[in-house]
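Its first residue numbered 313, the sequence shown is counted upward by one per residue in the numbering used here. Cβ atoms here follow ideal geometry from the backbone N, Cα and C, with glycine treated the same way.
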Amino acid sequence: MIIKSNLNEKHKIFLIIIALFVIFSLIDLNTCANETDEVYLVSIKGTIDLGLSSYVQRAIEEAVSNKVKAVILEIDTFGGRVDAAVQIRDQIINLNVPSVAYIKNRAWSAGALIALSAKYILMDKSASIGAAEPQPADEKTVSALRAEFTSTALSRGRSEDVAAAMVDKDVERTNFLQVRVEGIYLINKKNPITDTPRAIKIE
């Protein structure tokens with residue numbers, strides 16, 4: 313399953329501004345005195361491998377040590393090693409500051425797991441996320457990766473059905489609702505109508 317975005321330039325800028333506004337509005341004012349005004353940009357491009365995982369770990373450790381207000385992950389990848397993606401996923405999930413996944417072109421396969429681990433997801437014009445069916449697609453491997461995707465989605469309040477469909481082509485897709493708002497696909501079984509700030513999230 314691949315989810316696409318058709319954001320134009322104005323919409324992209326508008327959503328980025330909203331994303332930053334939401335991020336900063338969620339920050340506990342009691343902790344701001346000890347934080348900088350910096351937002352870190354971490355590039356996740358090319359093949360996902362253990363070298364990239366180590367780079368992301370160093371970048372996140374530096375961001376935390378500098379007490380930044382947010383971390384933006386610029387993602388553009390066809391995928392790569394699952395173990396490396398899981399390591400990056402864990403690092404992002406455990407961040408104590410807001411994280412934004414900005415998908416430049418593609419977040420496929422292992423890249424989709426990384427994107428889902430961020431608190432917010434923004435997609436550039438014609439960007440896409442998904443295509444995470446493992447190879448070989450034996451039942452054991454699919455089951456394990458599907459569990460990783462669904463647990464990540466649930467940890468961020470997103471639809472486990474959509475996450476599972478990215479990995480397993482046999483997942484029934486009629487049990488979730490798909491609505492496009494400003495080029496961002498929103499998936500929410502209970503409340504498809506959402507206000508603008510929440511439109512930067514895939515739910």
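Determine the extent of the alpha helix (DSSP H) in which Val479 is found, giving its start and end residues.
Your numbering for residue 479 matches position 167 in the sequence shown. Residues Glu472 to Val479.
Rounded to the nearest angstrom, what separates Tyr414 and Ser440 at their Cα positions?
As a working note, residue 414 is residue 102 in the sequence shown. As a working note, residue 440 is residue 128 in the sequence shown. Using only the alpha carbons, I get a separation of about 11 Å.
For a test of the three-state rule: what should DSSP assign to Arg393, helix, strand or coil?
What you label residue 393 is simply residue 81 of the sequence shown in a count that begins at 1. Coil at Arg393, not helix or strand.
Provide the residue span of the beta strand (DSSP E) that contains Ser438, from first to last.
Here residue 438 corresponds to residue number 126 of the sequence shown, with the count starting at 1. Taken as a continuous stretch (DSSP letters only), Ser438 belongs to no beta strand (DSSP E), as it is neither H nor E.
Closer than 6 Å by C-beta to Asp480: which residues in its own chain qualify, once you throw out the five before and the five after it? Chain order, please.
Here residue 480 is taken as the residue at index 168 of the sequence shown, counted from 1. Val454 and Arg458.
Please report how far the alpha carbon of Arg468 lies from the alpha carbon of Thr462, in whole angstroms.
In the sequence shown, the residue the question calls residue 468 occupies position 156. In the sequence shown, the residue the question calls residue 462 occupies position 150. Whole-angstrom Cα-Cα distance: 10 Å.
Could you spell out the range, first to last residue, of the beta strand (DSSP E) harbouring Ile356?
Residue mapping note: residue 356 aligns to position 44 of the sequence shown, counting from 1. Note, Ile356: beta strand (DSSP E), Val351 to Lys357.
Give a yes or no on whether the C-beta atoms belonging to Ile360 and Ala422 are separated by under 9 Å.
Along the sequence shown, one-based indexing puts residue 360 at 48. Along the sequence shown, one-based indexing puts residue 422 at 110. Yes, Cβ-Cβ distance for Ile360 and Ala422 is below 9 Å.
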